[in-house]
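K.L.:
Residue numbers (the working numbering): 481 to 893.
1. Here's the rule: buried if 16 or more other CB atoms are within 10 angstroms of the residue's CB, otherwise exposed. What is residue 794?
2. Determine contact between the region 732-750 and the region 521-529, defined as no fewer than three beta-carbon pairs at a distance below 8 Å.
3. Would the beta-carbon of residue 578 fall within 7 Å of that of residue 609?
4. Cβ of residue 441 within 7 Å of Cβ of residue 749?
5. How about the region 839-855 and the region 541-553: do they share at least three Cβ pairs that are nearer than 8 Å?
6. In whole angstroms, give me the CA-to-CA distance for residue 602 and residue 791.
7. If I'm right that residue 868 touches residue 739 with Cβ under 8 Å, what's the distance once you round it to whole angstroms?
8. Can you tell which of 660, 659, 668 has its C-alpha closest to the C-alpha of residue 649?
9. In three-state DSSP terms, what is residue 592?
10. Exposed or buried, which one is residue 514 when buried takes at least 16 other CB atoms within 10 Å?
11. By the three-class DSSP mapping on this structure, what secondary structure does residue 724 have?
12. Quick check on residue 616: does DSSP put it in helix, strand or coil?
13. Report the CB separation of residue 611 from residue 552 in whole angstroms; it is logged as a contact under 8 Å.
14. Pick from 730, 572, 533: whose alpha carbon is nearest that of residue 679?
15. So, is residue 660 buried or exposed, given that buried needs 16 or more other C-beta atoms within 10 angstroms?
16. Since residue 863 and residue 870 are thought to touch, with beta carbons under 8 Å apart, how far apart are those beta carbons, to the nearest angstrom?
17. Look at residue 861 and residue 539 and say whether their C-beta atoms are less than 7 Å apart.
18. Whole angstroms is fine: what's the gap from residue 705's alpha carbon to residue 556's?
19. Check residue 894 in the structure and name its three-state DSSP category.
20. Excluding sequence positions up to five away, which residues of its chain have a Cβ less than 6 Å from the Cβ of residue 881?
21. Out of 885, 672, 656, 534, point me to the one whose CA is closest to residue 785's CA.
22. Is residue 804 closer than 7 Å to residue 752 when the C-beta atoms are compared?
23. Out of 782, 781, 741, 773, which has the shortest C-alpha to C-alpha gap to residue 802?
24. Which residue's Cα is closest to the Cα of residue 531: 849, 666, 709?
25. Are the beta-carbon atoms belonging to residue 670 and residue 580 less than 7 Å from one another?
26. For residue 716 and residue 722, I'd like the C-alpha separation in whole angstroms.
27. Candidates 842, 757, 849, 599: which alpha carbon is nearest residue 807's?
28. Does DSSP put residue 628 in a helix, a strand or coil?
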């Protein structure tokens with residue numbers, strides 16, 4: 481759940497909107513991804529707290545996230561198979577439709593009764609299916625085009641424009657939810673996602689998307705595994721760890737909503753996360769320039785160590801002012817996330833290995849996140865009298881561990 485770094489969808493939009501491919505089919509994909517990103521981001525910050533308000537327990541809510549992660553791996557592989565037979569356009573269309581059905585299921589979820597459990601199960605399946613279908617299509621599309629020369633500058637632009645949507649979407653979703661209820665924000669987000677299907681309808685075939693037969697072949701499991709064995713494992717691990725921010729951020733946002741924003745949960749939480757994204761924009765701009773000057777490893781080491789330090793400061797957060805201060809500070813994490821992402825665009829690797837890198841990273845993400853979530857559920861059940869504290873400490877220590885591990889992996893090239 482909680483969109484796997486939705487700025488990555490915006491990433492694809494802006495990376496290839498300058499000097500790569502300006503054909504009409506691609507512009508349709510750009511428009512679709514932007515609407516999809518904005519609509520899904522509107523609700524992603526508040527979904528878990530919405531379930532908590534309906535009476536679902538914290539172990540069940542974390543279990544909801546866990547089931548979604550477990551389902552994404554086989555669905556991702558199924559998406560690869562469907563991509564070979566159906567093409568990227570149809571697969572992305574299926575992903576969007578699945579997400580719309582997910583919003584309907586979530587809209588109808590009520591108390592933890594028999595009907596509620598059924599709707600919740602349907603929601604998590606549709607969520608995972610949408611994620612896998614849409615992202616498989618985009619991964620194929622991503623590697624079909626030449627990469628820009630100035631990677632750092634382009635990457636920083638991606639993060640900046642991604643943060644723009646992260647500024648607008650939480651505020652819009654939070655204000656709507658605060659005034660008219662979370663269901664209203666779900667409806668608005670669903671409409672945006674419905675609109676995102678429109679630009680895809682006009683695409684007639686996968687040929688419009690730069691179809692490459694050898695890339696399609698590389699999506700099969702055996703070639704994917706062979707390519708994986710040649711991948712730089714240290715970079716793969718760093719890439720995975722740096723993008724655990726979504727999981728840590730989900731737990732942190734849920735704890736903030738329950739423990740801190742008790743009177744203005746939706747609007748207050750939305751404004752907090754939107755405002756702190758402004759800082760991330762400035763940091764992303766700076767880091768992008770440093771990457772182009774060859775300072776990748778110093779930036780990575782400094783930013784990852786700061787991540788550990790600032791994660792530890794979460795222990796001091798007891799109210800809204802400290803929550804605001806901490807979220808502003810921790811936006812420096814854009815530094816190490818952006819730097820590790822730059823590794824994906826290593827020009828020395830053939831396209832098949834680029835695809836394998838991203839696909840295998842996704843499998844890493846689902847598997848190890850599932851192990852972490854299982855451990856968290858066990859802790860929530862064992863320490864049932866201190867569940868909020870368990871939630872906060874998990875966010876704290878995961879952040880510390882991730883920062884130290886990324887720093888350690890960056891020491892050797």
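Every residue, glycine too, gets a C-beta built ideally from N, C-alpha and C.
These figures come from a predicted structure and were not determined experimentally.
P.N.:
Result, derived from the coordinates:
1. Along the chain shown, one-based indexing puts residue 794 at 314. Residue 794 is buried by the Cβ-count criterion.
2. yes
3. Working through the chain shown from its first residue, we reach residue 578 at position 98. Working through the chain shown from its first residue, we reach residue 609 at position 129. Yes, Cβ-Cβ distance for residue 578 and residue 609 is below 7 Å.
4. Beyond the ends of the chain as shown, which are 481 and 893, falls residue 441; an answer cannot be given.
5. yes
6. Indexing the chain shown from 1 puts residue 602 at position 122. Indexing the chain shown from 1 puts residue 791 at position 311. If I take the Cα positions, the gap works out to 34 Å.
7. Position 388 of the chain shown, counting from 1, holds the residue named residue 868. Position 259 of the chain shown, counting from 1, holds the residue named residue 739. Indeed, because the Cβ distance is near 6 Å, the residues count as touching under 8 Å.
8. Counted from its first residue, the chain shown places residue 649 at position 169. Nearest C-alpha to residue 649: 668.
9. As a first step, residue 592 must be located in the chain shown, where it is residue number 112. Coil at residue 592, not helix or strand.
10. Residue mapping note: residue 514 aligns to position 34 of the chain shown, counting from 1. Looking at its Cβ environment, which holds 16 or more other Cβ atoms inside 10 Å, residue 514 is buried.
11. For the purposes of this step, residue 724 is identified with residue 244 of the chain shown, where counting begins at 1. Residue 724 falls in the coil class under three-state DSSP.
12. Within the chain shown, the letter at position 136 stands for residue 616. Helix.
13. Counting from one through the chain shown, the residue named residue 611 turns up at place 131. Counting from one through the chain shown, the residue named residue 552 turns up at place 72. Contact flag correct, Cβ pair sits at about 6 Å.
14. Against the chain shown, residue 679 aligns to sequence position 199. If we check each option's Cα against that of residue 679, 572 comes out closest.
15. Within the chain shown, numbered from 1, the residue matching residue 660 stands at position 180. So residue 660 counts as exposed.
16. Start at 1 with the first residue of the chain shown, and residue 863 comes out as number 383. Start at 1 with the first residue of the chain shown, and residue 870 comes out as number 390. Indeed, because the Cβ distance is near 5 Å, the residues count as touching under 8 Å.
17. For this step, residue 861 is matched to residue 381 along the chain shown. For this step, residue 539 is matched to residue 59 along the chain shown. It is a contact, given that the beta carbons lie within the stated cut-off.
18. Here residue 705 corresponds to residue number 225 of the chain shown, with the count starting at 1. Here residue 556 corresponds to residue number 76 of the chain shown, with the count starting at 1. The alpha-carbon atoms of residue 705 and residue 556 are separated by roughly 15 Å.
19. Shown here, the chain extends from 481 to 893; a query on residue 894 therefore has no answer.
20. Along the chain shown, read from residue 1 onward, the residue named residue 881 stands at position 401. If we look at residue 881 and ignore the five residues flanking it on each side, it has no Cβ neighbours.
21. Position 305 of the chain shown, counted from the start, is the residue given in the question as residue 785. Residue 885 is the option with its Cα nearest to residue 785.
22. Mapped onto the chain shown, residue 752 falls at position 272. Mapped onto the chain shown, residue 804 falls at position 324. Yes, the pair counts as a contact, with Cβ atoms nearer than the cut-off.
23. The residue labelled residue 802 in the question sits at position 322 within the chain shown. For the residues 782, 781, 741, 773, the minimum Cα distance to residue 802 belongs to 741.
24. On the chain shown, residue 531 is found 51 positions in, with the first residue counted as 1. Nearest option by C-alpha distance: 666.
25. By 1-based counting over the chain shown, the position of residue 670 is 190. By 1-based counting over the chain shown, the position of residue 580 is 100. Yes, these two residues count as a Cβ contact at 7 Å.
26. Taking the chain shown and counting its residues from 1, one reaches residue 716 at position 236. Taking the chain shown and counting its residues from 1, one reaches residue 722 at position 242. Roughly 10 Å separates the two Cα atoms.
27. Within the chain shown, numbered from 1, the residue matching residue 807 stands at position 327. Measuring from the Cα of residue 807, the nearest candidate turns out to be 757.
28. Position 148 of the chain shown, counted from the first residue, corresponds to residue 628. A caution first: residue 628 carries a pLDDT of 46, below 50, which makes its placement in the model too unreliable to give a value.
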